[in-house]
Amino acid sequence: MANTFEIKQTENPSMLEINFGPQHPSTHGVFRMNVMLEGEKVCALKPVMGYLHRNQEQIAENLPYAAIMPYTDRLDYINAMSNNFGYALAVEKLAGIEVPERAEYIRVIMAELTRIVNHMAVIGFLLNDLGAFFTPVLYAFREREKILDIFEEVSGSRMMCNYFRFGGVKRDLTAENLAAIGGIVAKLPAFLDEFEALLTKNEILCMRCQHVGVLPADFAINSSITGPVLRASGVNYDIRKVDGYSIYNRFDFKIPLGTKGDVYDRYYVRILEMRESLKILKQALSKIPQGEILNKKTLPLLKMPRNLKPSVGEAYARIESPKGELGYYLVSDGTPQPWRYHVRAPSLINLTVLEDICLGQKIADAIIILGSIDIVLGETDR
Amino acid sequence: MPLPIEEVKKELSTRLPDVKLRVVRDSLLIENPADLTRVALFLKESPAFRMDYLSSVTGADYLDHLESVYHLYSMEKKHGPIALRVRVPKTNAKIPSLVPVYRGAEYQEREAYDTFGILYEGHPDLRRLFMWEGFEGFPLRKDYEQEDTETLETADVAWLEARGIAVPNGMKQKAEELKAAGKRAVAQKPEKPKN
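The listed protein sequences correspond, in order, to chains H and R.
Sequential numbering from 439 applies to the first sequence in our numbering.
Sequential numbering from 30 applies to the second sequence in our numbering.
Below you can see the structure in the form of structure tokens.
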């Protein structure tokens, strides 16, 4: 392996080069960091990606548009529904397909449930990294499991949902489904209160997380950081509000912001975001209308997916996925396959600042900083 | 809130009169790649635009040329996107790097270099991102020929046999034939599916 560092160990004998991953449990997958340490202090850090690279973009360029949908599930495999959402929006923009009202509501419900699932997993694993081994994560996963049961009921799969279609969704929500979601929404605040009572003012958590991995706001913007990591630094930028894609501009919700941009703020912003998602869910459940769940014009495409040939052009659609801005860039040449399919992956781009915010910190803190950035390697490596 | 591309072009051509611009599919094509940094810096600093956030950088292969596409948004003014594109010939694919202006371009430019072979000049650390060092070719180019995973080459046979793995005679023979013909084991491309 070529040496990726400018500082050589031989120049400073007290320096130690450590290879972290790709099999280390704290790297949340097959992520690797080359770390240069002086004592316990991080002097340099280089991420190495590509251990889960499948070249999804090339695979997608040889498939009809509809057949790419299941591949998007496998990008960020915790948030299959949001990935579907972004891709469906991009194709709808490219081909000019409209979505019926009820389907929009179902999409928003699913996307917000996914956000709760993701944030629960992130906070659980962050606590794992802090040394609270598996108790918080299992508390969170107990609730996450109830949401995954709903996903299984509506889409047939817990994680690889493949639920969105161009111009709507695959299956309607029954009255029982809606009641089950309503039940979850009613019970979750009590769980969050319990979870927070254990964590938010916990002395160990505060001492480990406050003033660690501080990310200044202007630096975050310049480095294209998005999602909860950006908002923890105090930048008010949420694509649900800015673009108001789908029907998000009809809901009343706030954007939680941090003040310092440290690991603690990133933790707390996610807790608050879950509460805001519950607000959106409550409004969506009370307002969801009856009606079509799929645009009638796209019905023939379900049986003949190769007939979807958008006219020559391109589209860039982005959504606020739980990890940040998830963008899809599609170029059509008028054939059933896209000429170019590109995913703007928040997991990859949020890593840009990893080295900068880890410098000068202890190696144990570098692990929680990585945990607080929240990456999923399926999306980082694609 | 999207920005009308014609107005952006008008504003740009009054402020930067020597930059040649063309509107291509709701985006601005910068005819001379060397002007890219100047245009990006202007859009970032100008009080009318304040495009402080580079959302996406990616490449595309259009057979006779390569293209790099940039999507800029403004976090301060909450508007956008302005899409910029730059075209370069395949043989000499050099584009100035935007890392000095937007640090967020770092990994995305490395990715475009890795998959398309676009050389971003001035990038602080232009290495392959997903593929390993020493990987040949750029997999997202349309003329990329994929290795045939079912056919062995002589080097593969030697590697397997050195580890005590028996290789069928037929495969060995085929590997020898390939080597004699001076060819690599390249997968047959499927015929273009009929529309």
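Note that the Cβ used here is the ideal one computed from N, Cα and C, for glycine as well.
Everything numeric in this text was worked out from a predicted model, so none of it was measured.
Buried versus exposed, by CB contacts within 10 Å (16 or more), residue i
i      : result
H/D564 : Residue identity differs from the one stated: residue 564 of chain H is Leu in this sequence, not Asp. It is buried - the Cβ of H/L564 has at least 16 other Cβ atoms within 10 Å.
R/L92  : exposed
H/K828 : Look at the range of chain H in this structure, 439 to 820, and you will see that residue 828 of chain H is not part of it.
R/M30  : exposed
H/Q799 : buried
H/E828 : In the structure as shown, chain H begins at 439 and stops at 820. Residue 828 of chain H is therefore absent and cannot be evaluated.
H/D514 : buried
H/L689 : The question names Leu, but residue 689 of chain H in the sequence shown is Phe. So H/F689 ends up on the buried side.
R/T87  : buried
H/N687 : exposed
H/D631 : exposed
H/Q728 : exposed
H/G699 : buried
H/E614 : exposed
R/K223 : Annotation note: pLDDT 47 at R/K223 (below 50); position unreliable, coordinate value reported separately. Classification of R/K223: exposed, given that the 10 Å Cβ count is below 16.
R/R51  : exposed
H/C644 : exposed
H/E641 : exposed
H/F602 : buried
H/F589 : buried
Per-residue contacts from residue i into chain R (C-beta, under 8 Å)
i      : result
H/Y767 : S85, T87, V98, H100
H/Q728 : Residues of chain R passing the Cβ test: none, with the nearest at roughly 33 Å.
Assumed close pair residue i, residue j - CB separation to whole angstroms, cut-off 8 Å
i      : j      : result
R/V215 : R/D177 : 6 Å
H/M453 : H/M474 : 6 Å
H/I685 : H/V546 : 6 Å
H/Y779 : H/A498 : 4 Å
H/Q775 : H/N493 : Not really, about 15 Å apart at Cβ, beyond 8 Å.
R/L32  : R/H108 : 6 Å
Closer than 7 Å: residue i CB and nearest the ligand FMN heavy atom
i      : result
H/E581 : Questions concerning the ligand FMN fall outside what the structure shown contains, since it holds no ligand whatsoever.
Neighbouring residues, chain H, relative to residue i (Cβ below 8 Å)
i      : result
R/E176 : Ordered by position in chain H, no residue passes the 8 Å Cβ test against R/E176, which lies about 12 Å from the chain.
R/L70  : Within 8 Å Cβ-Cβ: nothing; R/L70 doesn't reach chain H, min ~13 Å.
R/M160 : G488, H491
R/D81  : I659, N660
Residue-chain proximity (residue i, chain C), Cβ-Cβ < 8 Å
i      : result
R/E135 : Among the protein chains of the structure shown, namely H and R, there is no chain C.
Backbone secondary structure at residue i - three-state DSSP
i      : result
H/T638 : coil
H/V650 : coil
H/F589 : helix
H/H557 : helix
H/E478 : coil
R/E205 : helix
H/P822 : Nothing about residue 822 of chain H can be read from this structure; chain H reaches only from 439 to 820.
R/S42  : helix
H/G606 : strand
H/G772 : coil
R/N224 : Summary for R/N224: the model assigns pLDDT 45, below 50, so the residue's position carries little reliability; its value from the coordinates is reported in the next sentence. Coil.
H/R582 : helix
R/L32  : coil
H/R778 : strand
H/F629 : helix
H/E758 : strand
H/M507 : helix
H/G809 : helix
H/R492 : coil
H/L501 : coil
H/M597 : coil
H/G765 : strand
H/G467 : coil
H/A440 : Here H/A440 scores only 46 on pLDDT, less than 50, and its place in the model should not be relied on; the value that follows carries that caveat. In the structure shown, H/A440 sits in coil (DSSP, three-state: anything other than H, G, I, E or B).
R/V196 : coil
H/K747 : coil
H/N450 : coil
Under 7 Å from the C-beta of residue i: neighbouring residues of chain R
i      : result
H/N493 : P168
H/L786 : Y136
H/D690 : Under the 7 Å cutoff, chain R gives no residues; its nearest Cβ is about 19 Å from H/D690.
H/E763 : S84
H/H780 : T87
Proximal residues of chain R, C-beta to C-beta of residue i below 9 Å
i      : result
H/Y754 : S84, S85, V98, H100, P110, A112
H/Q496 : T144, P168, L169, Y173, Q175
Beta-carbon neighbours of residue i, restricted to chain H and to distances below 7 Å
i      : result
R/L132 : Here residue 132 of chain R turns out to be Arg, not Leu, going by the sequence shown. Per Cβ cutoff of 7 Å: N660, S661, T790.
R/M104 : I659, V673, Y675
R/K107 : V680
Practice task
Write down every uninterrupted run of the beta strand (DSSP E) in the stretch 652-735 of chain H whose length is 3 residues or greater and which is fully enclosed by it, in chain order.
Solution key: none
What alpha helix (DSSP H) runs, 4 residues minimum, are completely inside the stretch 117-184 of chain R?
134-145
**OP:** Let me know the beta strand (DSSP E) ranges lying completely inside the stretch 50-104 of chain R, each 3 residues or longer, listed in chain order.
**Re:** 50-53, 56-59, 82-90, 94-102
Checklist line | Start-end ranges of the alpha helix (DSSP H) lying completely within the stretch 509-548 of chain H, minimum 4 residues | finding: 518-533
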